[in-house]
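Following: one structure in structure tokens, then a few remarks.
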Amino acid sequence: MDTCLEPAVIENVTFDELAVGAEAHVRRTLFPDDILLFAHVSGDVNPAHLDPEYAAHSDFHEIIAHGMWGGSLISAVLGTRLPGPGTIYLGQSLRFRRPVRLGDALTVSVKCTSKDAERHRATFECRITDRLGRDVITGEADVVVPMTKVRRLRPSLPHVRLEP
Amino acid sequence: MDMTMPHVLIENVPIHQLEVGAHAEMVRSLGLEDIQLFAAVSGDMNPAHLDREYAKDTPFQGVIAHGLWGGALISAVLGTKLPGPGTVYLDQSLHFSRPVRLGDTVTASVTCRAKNDETCRATFDCLVVNQRGETVIRGVAEVLVPENKVCRPRSPLPKVSLEALGL
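Taken in sequence, the protein lines are chains L and X.
Letter by letter, the first sequence follows residues 2 to 165 of my numbering.
Letter by letter, the second sequence follows residues 609 to 775 of my numbering.
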């Protein structure tokens, strides 16, 4: 699995610190284990993701990632980078524009487009692009932005083993 | 983890068989493993999900599931039950009303609200409720419904083991 080097500390951007136009992104490449793990944790055993023989005859001609895996990468940026810990998810729209294939290198980004000072809410434009800059997923997120600073040691990533 | 595998075969509902009002659902209980696996596969290491000490002082007073885990359950119903294999996801909206806590049992369901035989598009109302019947997520999905019947054996999943994290 591809986990780019992450800072040891996880820190949020509070409502007062958050500027309209602020952006954050992560990069991630799709590996076979990502698909298997996502199937496990979601129960989504659609053969489009798991069955190469079936997938060869599908519209996409090969195995593709679960669409919601992309959604989960967007939520990871919101929950760990911008605004980060303390953020409360209110809504997310996702438009699936292109499938993600094994080995595809994605850039997952969020950008603050508006702030509501009364309710401490903010709207983020969300976008996943492939190596060629083509849109894979676009969408919008509505969140409650934390008012207080959070700065903590990043929880360690679970070590996962897959046994056939 | 709650990996119910009730059927050996996985089968779809093609556009000509899909009826407005058709409904399918899936029931899952949230275990610590689900949270840890979701963190691993998404890279979402937000302490609200992984750090018990931090989470007890949050408004939710304990670790909660990633919101998109509930979204993933909705997509699982669409991709495996209704319409099932061959479905192409176009759009999904999700409104998060309540957190899912460890031990909660949620039901993710989809109900066909509209379909168009010519474009093969259909709209589904999506809902995740907890064991008390409270809404956790509601949303709407737009999909392309398959034209042809698919009936295949389910692919086996590898066993997953997690190393203890001291949670």
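The beta carbon of each residue, even a glycine, is placed where N, CA and C say it ideally should be.
Nothing here was measured: the structure is a model prediction, and the numbers come from that model.
- In the DSSP assignment, no residue is bridged to Asn756 (chain X).
- Contact between the stretch 747–763 of chain X and the stretch 654–663 of chain X is not established, with fewer than three Cβ pairs separated by less than 8 Å.
- In the DSSP assignment, the residues bridged to Asp143 (chain L) are L:Gly92, L:Thr124.
- When DSSP assignments are scanned along the stretch 14–57 of chain L, the uninterrupted stretches of alpha helix (DSSP H) that are 4 or more residues long and fall wholly within it turn out to be 33–43, 48–51, 53–57.
- Scanning its chain for C-beta atoms nearer than 6 Å, with the 5 sequence neighbours on each side dropped, one finds around Val736 (chain X) the residues Gly678, Val714, Ala716, Val744, Ile745, in chain order.
- Here DSSP, grouped into helix, strand and coil, assigns Ile65 (chain L) to strand.
- In terms of Cα proximity to Val616 (chain X), the closest of X:Val628, X:Pro761, X:Val696, X:Leu638 is X:Pro761.
- Contact of Glu755 (chain X) with chain L by beta-carbon distance below 7 Å is absent, the smallest such distance being about 11 Å.
- Straight-line spacing of the CA atoms in Leu698 (chain X) and Ala630 (chain X) works out to 19 Å.
- For Glu771 (chain X), the nearest beta carbon of chain L is closer than 7 Å to its own beta carbon.
- Straight across, the Cα-Cα distance linking Ser43 (chain L) with Ile623 (chain X) is about 25 Å.
- Boundaries of the beta strand (DSSP E) harbouring Gln700 (chain X): 696–704, taken from the DSSP string.
- The residue from L:Ala40, L:Ser94, L:Ile89 with its alpha-carbon nearest to that of Ile129 (chain L) is L:Ser94.
- Cβ neighbours of Pro691 (chain X) within its own chain (closer than 8 Å, five residues either side excluded): Asn620, Val621, Pro622, Ile623, Leu626, Ala730, Val751, Val753, Pro754.
- The residue among L:Arg122, L:Leu91, L:Val78 with its C-alpha nearest the C-alpha of Val27 (chain L) is L:Val78.
- Pairing Arg29 (chain L) with Ile75 (chain L), the inter-Cα distance amounts to about 11 Å.
- Residue pairing by DSSP places Thr713 (chain X) opposite X:Ser637 in a beta bridge.
- The Cβ-Cβ distance between Pro147 (chain L) and Asn654 (chain X) does not fall below 7 Å.
- With a threshold of 7 Å between beta carbons, Leu702 (chain X) makes contact with chain L.
- Below the 9 Å Cβ cutoff, chain X contributes Ser650, Asp652, Asn654, His674, Gly675, Leu676, Gly679 as neighbours of Ser76 (chain L), in chain order.
- The alpha-carbon separation between Phe16 (chain L) and His121 (chain L) amounts to approximately 7 Å.
- A residue is called buried when at least 16 other Cβ atoms come within 10 angstroms of its Cβ; Ser115 (chain L) does not meet this threshold and is exposed.
- Distances from the CA of Arg740 (chain X) to each of X:Asp712, X:Phe704, X:Val671, X:Asp642 were compared; the closest alpha carbon is that of X:Asp712.
- Secondary structure of Leu133 (chain L) (DSSP, three-state): coil.
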